[in-house]
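Protein sequence lines correspond, in order, to chains V and Z.
Using my numbering, the first residue of the first sequence is number 1, and each one after it goes up by one.
Using my numbering, the first residue of the second sequence is number 205, and each one after it goes up by one.
Below: one structure, written as structure tokens.
Number of protein chains: 2
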Amino acid sequence: MGVKERKLREKKFLRQEILDAASELFVTEGYENVSMRRIADKIEYSPTTIYLYFKDKAELLEQVCQETFSRLIVHLTRILDQPGDPLDRLKRGLIAYVKFGIENPHHYRATFMMPIPPGFDREKYTNPDAPGMQAFDFLRRCVFDGLAAGKFQDTDAEIISQTLWAGVHGVTALLITHEGFPWVDHDVLIESVVDTLVRGVAKA
Amino acid sequence: MGVKERKLREKKFLRQEILDAASELFVTEGYENVSMRRIADKIEYSPTTIYLYFKDKAELLEQVCQETFSRLIVHLTRILDQPGDPLDRLKRGLIAYVKFGIENPHHYRATFMMPIPPGFDREKYTNPDAPGMQAFDFLRRCVFDGLAAGKFQDTDAEIISQTLWAGVHGVTALLITHEGFPWVDHDVLIESVVDTLVRGVAKA
DNA sequence: GGATTAACTTAACATTGTTAAGTAAGAGAG
DNA sequence: CTCTCTTACTTAACAATGTTAAGTTAATCC
């Protein structure tokens, strides 16, 4: 009786269809401009069907972002697996992070720039499987490599990691929200920030 | 006939009452969790009255933030008017910026972390009277001072300014949105970011 | 004293996320 | 085959949102 399995496959399929439709709409229009009804229209189901597969709009967004961020993870993996100077790899990783954010502004916004829900879920951040946290862990590992090679001024890996994260998040976030601002060339700015940060933490 | 003027004064007064009520609610609950009806309740007027004084909710928020940010301006002015090494003043200014953001998270979010409305208003950012832009100009001035004193590695004031802004915005934004994250001590992190940035742009 | 204007309110609209109740088709058991 | 139960979905509705149009009431002007 493969019937049950076929059913399950079909169920999984619809779930994926919802995710795809939602992702595309979120990407093109931004989370808050997409209603559940619009997503439902796109997949030609009734709005309430979505609730059979996802608890609410927030969970749907979370899943969509998780998919996107796993792409960043493989991207970062490729960069960090290459040999070379730890500081160079660190720079390349940081730049990749920023560029990813800018290429996926709505998903970046959703994972890193959204207000904390009132009943904050600390678990979401300490949970290492969380989409964004995995990316941050990459940064941590880079910093450990650099520390082992004695490349840094400070010796606290956590402080260095968080400092670098704050820095790259800053450019990413500003370039996303302040599109109209008279920035210097994007690439120039990104490189400037990353260079400044790495110069700042590196041993003199 | 002072009647007309009294009327005008009363009108201004109600406007200010709305601003105050809105500000308090925005501060305690956050922009998106405050409805026009709640604001109206607080001042004991009907919801639609607000629209006689403000075009829409966004404009109301904008005015509220403007008020708040002018406090940052006077704060920064005090710091920058003190004598001393340009880099030291720069550091103090940057730290003040971050602390202000963290102490006014909702207003900071509203001015610097909100998605750009679809029909972007470039004018809002180039306009030097805009609340946030005035603060950024302070940073620019600091950088000019430092450049004049030959303190920086790079020579482009705009690149340096934007780089520093990105950096401090990063900590501010992350500390605001990721309250639950296992940060190292806030003050330690803030100081680390500012030190790193200034070390990064300073002449070796 | 009648018309005009100003300040404010009531009622309503369209849209949002979400839930409760219903329906129809198919699986499983006898 | 038939009765029942489950699965997968839909229809209808709710409460809340920002915002507008249409009053209403009181003071002002001529």
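Beta carbons: idealized from backbone N, C-alpha and C, even for Gly.
Around the beta carbon of V/P105, a 10 Å sphere encloses 16 or more other beta carbons of the protein chains shown; the residue is thus reported as buried.
Taking all protein chains shown into account, V/P182 has fewer than 16 neighbouring C-beta atoms within 10 Å of its C-beta and is therefore exposed. If you check each beta-carbon in the stretch 102-116 of chain V against every beta-carbon of chain Z, the ones closer than 8 Å belong to R109, F112, M113, M114, P115 and I116. About 7 Å separates the beta carbon of V/T111 from that of V/F69, a gap short enough to meet the 8 Å contact definition. V/G167 is a Cβ neighbour of Z/G374, given a cutoff of 7 Å. Here Z/A377 carries a helix assignment [DSSP, helix/strand/coil]. Nearest CB-CB separation between V/T163 and chain Z: below the 7 Å threshold. Boundaries of the alpha helix (DSSP H) harbouring Z/H310: P309 to F316, taken from the DSSP string.
Chain V has a Cβ within less than 7 Å of the Cβ of Z/V388. For the stretch 264-288 of chain Z, no residue has a beta-carbon sitting nearer than 7 Å to a beta-carbon of chain V. Assigned with DSSP and collapsed to three states, Z/F258 falls in coil, not helix or strand.
Going by C-alpha positions, Z/R313 is about 10 Å away from Z/I306. Using a Cβ-Cβ cut-off of 7 Å, V/S192 is close to I363 and T367 of chain Z, given in chain order.
In this structure, the alpha-carbon of V/V98 lies about 10 Å from that of V/R92.
If you ignore the 5 residues before and after Z/R293, its C-beta comes within less than 8 Å of the C-beta of I283, L284, Q286, C346 and D349, all in its own chain and listed in chain order. Leaving aside the five residues that flank Z/L223 on each side, the residues in its chain whose CB is nearer than 8 Å to its CB run, in chain order, L264, Q267, V268 and E271.
For Z/M240, the closest alpha carbon among the candidates Z/P290, Z/A226 and Z/I363 is that of Z/A226. Legend: CB atoms of the stretch 163-178 of chain V lying less than 9 Å from CB atoms of chain Z belong to residues T163, L164, W165, A166, G167, V168, H169, G170, V171, T172, A173, L174, L175, I176, T177 and H178. Straight across, the Cα-Cα distance linking V/D185 with V/V34 is about 31 Å.
Residues of chain V with a Cβ closer than 7 Å to the Cβ of Z/V238 do not exist, since the nearest Cβ in that chain sits about 13 Å away. With respect to the 7 Å criterion, Z/Q220 and Z/I277 are not classified as neighbours on the basis of their beta carbons.
Under the three-state reduction of DSSP output, V/A166 falls in the helix class.
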